[in-house]
Amino acid sequence: MFDSVEFLKSLLYGPMWTFLCIVSRIGPMLVLMPPLQGASVPNRVKVMIVLMASATITPIVMEYSTPLPGNLADIVLGMIKELLLGLLFGSSALIIVTSLQIGGQVISSLASLDVAQAADPTTQESITVVSQMLSWVAMILFVTLGGHRVIIGACVDSFATYPAGGVLLEEFWLLHLHELFGHSVAIGLRAAAPPAIALLLANFVTALIGRTLPQLNIIAVGFNLNVSILLIILTLSITSIGWVFQDEFVGWIERTTELFPAGGRS
Numbered sequence: 044m045f046d047s048v049e050f051l052k053s054l055l056y057g058p059m060w061t062f063l064c065i066v067s068r069i070g071p072m073l074v075l076m077p078p079l080q081g082a083s084v085p086n087r088v089k090v091m092i093v094l095m096a097s098a099t100i101t102p103i104v105m106e107y108s109t110p111l112p113g114n115l116a117d118i119v120l121g122m123i124k125e126l127l128l129g130l131l132f133g134s135s136a137l138i139i140v141t142s143l144q145i146g147g148q149v150i151s152s153l154a155s156l157d158v159a160q161a162a163d164p165t166t167q168e169s170i171t172v173v174s175q176m177l178s179w180v181a182m183i184l185f186v187t188l189g190g191h192r193v194i195i196g197a198c199v200d201s202f203a204t205y206p207a208g209g210v211l212l213e214e215f216w217l218l219h220l221h222e223l224f225g226h227s228v229a230i231g232l233r234a235a236a237p238p239a240i241a242l243l244l245a246n247f248v249t250a251l252i253g254r255t256l257p258q259l260n261i262i263a264v265g266f267n268l269n270v271s272i273l274l275i276i277l278t279l280s281i282t283s284i285g286w287v288f289q290d291e292f293v294g295w296i297e298r299t300t301e302l303f304p305a306g307g308r309s
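In the working numbering, the protein residues as written are 44 to 309.
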């Protein structure tokens, strides 16, 4: 009788098992990491990048590889754990990049520009124009500041802590994502603070004018005033938004590199 488990073991024996584990860990990270995430990059290109990166890393981490499990259930479970760890790295990068998009959503709501939406090519979803602009700013800053190198380096260092095929689910993974999400919201609010304060003052002034001059079409006046103030403040504060992202980016690097320090966890 043909033993499918023995056939699978012979197929995965040696470096092939290590390579598949690396693909399972590297794949989700690269697919979710800017600027590869979304539909703007063809799937064939993503697959090629994942396979090339995995083939490059395999000789480096071969010494950290675990033996092939003896049964099919352990093989599948090991691959799932590798995928979850890869999702952790990819989500860490994705969360920090979407921080400015949160700020853009806040600004758009205060400026009454919720209806001014456009299709985001990376997510294939409709978002406000301001959110899309700040999202591209965050992506450019992420790549310029070397965020992709930090994530890839942390992922490679993780093989010293969790060998290929030997990932253990840890409670601090969720804590790490929770901290990064709060960090992302803080970045978005800090970036949106100058335009938001200016728009709140503009709405307050518009309300006073509406009470004083009820015959005035306050809706048309208020909308034009909000858009004008938004354009002026964004033009003046776009540099400070970059500074805020860069300042908070340092904390993100520390959290990410401390998650899996080189040489394993103490």
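By construction, the Cβ of each residue, glycine as well, lies at the ideal position given by its N, Cα and C atoms.
3 or more residues per run - each beta strand (DSSP E) lying fully within the stretch 133 to 217: 160 to 163 and 168 to 171
Host alpha helix (DSSP H) of Val74 (start-end): Pro58 to Leu75
query: Which of the three DSSP states, helix, strand or coil, is assigned to Ile248?
result: Ile is not the amino acid found at residue 248; the sequence shown has Val there. Three-state result, Val248: helix.
Test item: CB-CB of Glu125 and Cys64 under 8 Å: yes
field: Own chain, CB closer than 7 Å to Pro206, minus 5 neighbours either side, in chain order
entry: Tyr107, Ser108 and Thr109
query: Looking only at its own chain, which residues have a Cβ that is under 6 Å from the Cβ of Ser142, when we skip the five neighbours before and after it?
result: Ser227, Ile230 and Gly231
query: Sorted by chain position, which residues of the same chain lie with C-beta nearer than 6 Å to Trp60's C-beta, five sequence neighbours on each side aside?
result: Leu111
- prompt: Based on Cα-Cα distance, which residue from Ile138, Thr101 and Ser134 lies nearest to Ser178?
  reply: Ile138
field: Ser271, DSSP secondary structure in three states
entry: helix
field: For Phe82, three-class secondary structure by DSSP
entry: Note that residue 82 is Ala in the sequence shown, not Phe. Coil, per DSSP.
message: Which same chain residues end up closer than 7 Å to Ala29 when comparing Cβ atoms and leaving out the 5 residues on each side of it in sequence?
response: Outside the displayed range of the chain (44 to 309) lies residue 29, so it cannot be described from this structure.
- request: Helix, strand or coil for Leu277, going by three-state DSSP, please let me know.
  value: helix
message: Within a Cβ cutoff of 7 Å, which residues of the same chain sit near Ala241, ignoring the five residues on either side of it in sequence?
response: Ile272 and Ile276
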